[in-house]
Amino acid sequence: MLIYNQPVKKLIIALAVLLGILFIISRFTELQEVLLVLQKGNWLWLGAAFVLLIAWILVTAATFKSLFSLVGVNKSLWQVLRLFLAVNFINLAAPSAGMSGMVVFYSDAQKNGHSTARIMVGSALFLIFDYCGLLTIIFFGLIILAFYKVLWAFEIFAFILFLLFVSTMILVVYLASRSKERLTRVLLKVTGFINHRTEILFKKAFINEERVIRFADEVSEGVKAIQNLRHAWLRPAGLTILNKLLLLSILGMMFLAFGTPVTPGQLIAGFSIAYLFVIISPTPAGIGIVEGLLTLALSSLAVPIEAAAVITLSFRGYTFWLPFLFGMISFRSLHS
Numbered sequence: 256m257l258i259y260n261q262p263v264k265k266l267i268i269a270l271a272v273l274l275g276i277l278f279i280i281s282r283f284t285e286l287q288e289v290l291l292v293l294q295k296g297n298w299l300w301l302g303a304a305f306v307l308l309i310a311w312i313l314v315t316a317a318t319f320k321s322l323f324s325l326v327g328v329n330k331s332l333w334q335v336l337r338l339f340l341a342v343n344f345i346n347l348a349a350p351s352a353g354m355s356g357m358v359v360f361y362s363d364a365q366k367n368g369h370s371t372a373r374i375m376v377g378s379a380l381f382l383i384f385d386y387c388g389l390l391t392i393i394f395f396g397l398i399i400l401a402f403y404k405v406l407w408a409f410e411i412f413a414f415i416l417f418l419l420f421v422s423t424m425i426l427v428v429y430l431a432s433r434s435k436e437r438l439t440r441v442l443l444k445v446t447g448f449i450n451h452r453t454e455i456l457f458k459k460a461f462i463n464e465e466r467v468i469r470f471a472d473e474v475s476e477g478v479k480a481i482q483n484l485r486h487a488w489l490r491p492a493g494l495t496i497l498n499k500l501l502l503l504s505i506l507g508m509m510f511l512a513f514g515t516p517v518t519p520g521q522l523i524a525g526f527s528i529a530y531l532f533v534i535i536s537p538t539p540a541g542i543g544i545v546e547g548l549l550t551l552a553l554s555s556l557a558v559p560i561e562a563a564a565v566i567t568l569s570f571r572g573y574t575f576w577l578p579f580l581f582g583m584i585s586f587r588s589l590h591s
């Protein structure tokens with residue numbers, strides 16, 4: 256693990272904040288549209304949505320806290336809250352397949368004397384719980400879309416990719432719990448397969464085998480620290496369910512804020528498409544993609560196209576832009 260001196264650390268923090276500002280500037284037109292749209296909504300329902308958003312952030316932090324405790328890393332809710340918001344911000348400001356966020360986790364572990372392996376496994380467990388919750392809702396959402404006869408092949412394909420990704424994460428944790436040697440062998444076989452193809456196509460190996468071995472060691476070390484998983488999974492599972500209900504409720508508040516009637520089926524199906532492409536997207540958190548697809552999905556479910564566009568922008572304003580801005584503040588305070 257790299258240990259940075261103070262001038263270098265300050266430079267990295269300044270660059271991260273600068274990237275965040277540049278991200279806002281690059282999306283300023285969209286942010287301006289969100290602000291204009293929100294001004295036309297019913298402030299009572301928008302206020303209720305804001306309360307639900309704060310509750311969602313707190314529940315997400317509580318889920319992280321319970322899973323960190325599961326691997327023997329004890330943090331206060333306030334510490335985890337700041338860390339979660341900062342990680343969310345840096346993953347959006349400097350997207351790198353989640354690696355930017357892991358650097359924040361590692362830096363915090365180093366600063367507070369925690370095991371980086373345990374932090375990594377705790378974070379992986381959070382993703383597994385969170386993604387399993389999303390997969391369940393998305394599955395029912397796709398069934399509703401099929402019932403309305405507006406389910407497209409690319410949506411099924413994206414769902415399958417998401418399912419394979421989550422299954423791979425679960426498999427890695429399972430193998431690590433059984434045998435470090437077995438996990439290492441499997442990962443090296445996969446690495447060899449990928450590198451063989453990339454050497455043919457690009458004349459170089461994409462994955463360093465030494466890093467794969469180190470990764471297997473860290474995962475195995477972190478998994479060994481898991482305490483009483485048989486009973487302790489109930490709390491994070493319950494918090495994950497509450498997390499998704501809060502997000503669904505925020506979307507529901509947007510319909511109410513703009514006086515648009517909605518059925519539970521429309522709500523679940525629209526939410527499913529939004530979050531499927533938040534995950535399976537070439538852009539960070541689906542920025543620029545989710546907005547179009549959610550509007551299209553809602554309009555295909557008999558929501559007027561103008562209302563669908565307004566609801567989509569306001570929902571993204573709450574669930575994307577507000578956490579991003581909170582995260583920028585949290586990142587700066589975390590490293591001050």
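Quick note, in this note's numbering, the sequence shown goes up one by one and the last residue is 591. C-beta atoms are modelled at their ideal positions from N, C-alpha and C, and glycine is treated no differently.
- If you compare the alpha carbons of A372, M509, L400 and L522 with that of L568, the shortest gap goes to M509.
- Put simply, the backbone Cα of E410 is about 42 Å away from that of N367.
- For I481, no alpha helix (DSSP H) run applies, since DSSP gives it neither H nor E.
- The DSSP-derived three-state label of A557 is coil.
- Counting C-beta atoms within 10 angstroms of its own C-beta, Y429 has fewer than 16 neighbours from the protein chains shown and is therefore classed as exposed.
- Look at the beta carbons and you see the segment 409 to 423 not touching the segment 511 to 518: under three pairs across the two are nearer than 8 Å.
- By the Cβ-count criterion, E546 is buried, with 16 or more other Cβ atoms from all chains shown falling within 10 Å of its own Cβ.
- Listed in chain order, the alpha helix (DSSP H) elements of length 4 or more contained wholly in the segment 401 to 425 amount to none.
- For V342, the three-state secondary structure derived from DSSP is helix.
- For F394, the secondary structure class from DSSP, reduced to helix, strand or coil, is helix.
- Relative to I345, the option among I374, L419, A540 and A303 whose CA is nearest is A540.
- Rounded to the nearest whole angstrom, the C-alpha separation of L290 and G572 is 8 Å.
- Between T550 and A529, the gap from beta carbon to beta carbon reaches 7 Å or more.
- Under the Cβ criterion (8 Å, minimum of three pairs), the segment 435 to 443 counts as touching the segment 467 to 474.
- The C-alpha of L301 lies about 34 Å from the C-alpha of L270.
- Apart from the 5 residues on each side of it in sequence, L442 sits with its Cβ closer than 6 Å to the Cβ of V467 and A471 in its chain, given in chain order.
- Per DSSP, reduced to three states, the secondary structure at P537 is coil, with no helix or strand assignment.
- One thing to note: S555 has its Cβ within 7 Å of the Cβ of V405.
- The residue from A552, K330 and V342 with its alpha-carbon nearest to that of G582 is V342.
- Residue range L489 to A512 is occupied by the alpha helix (DSSP H) that includes K499.
- F532 places its beta carbon less than 7 Å from that of L548.
- The beta carbon of L332 lies closer than 7 Å to those of A316, A317 and K320 in the same chain, with the five residues before and after it left out.
- The beta carbon of R373 lies closer than 7 Å to those of V326, G327, V328, G477 and A480 in the same chain, with the five residues before and after it left out.
- L380 counts as buried, since no fewer than 16 other beta carbons sit within 10 angstroms of its beta carbon.
- Counting the other CB atoms within 10 Å of its CB gives K330 a total of 16 or more, which places it among the buried residues.
- Nearest neighbour of Q294 by Cα position, chosen from F586, I566, P578 and F579, turns out to be I566.
- Taking the Cβ atoms as the reference, L308 lies roughly 6 Å from L577, within the contact range of under 8 Å.
- Counting other Cβ atoms within 10 Å of its Cβ, P491 reaches 16 or more and is therefore classed as buried.
- By alpha-carbon distance to D363, the top candidate from F339, G296, A401 and I280 is F339.
- Taking all protein chains shown into account, L400 has 16 or more neighbouring C-beta atoms within 10 Å of its C-beta and is therefore buried.
- The C-alpha of G447 lies about 10 Å from the C-alpha of T453.
- Between the alpha carbons of I496 and W488 lies a distance of about 12 Å.
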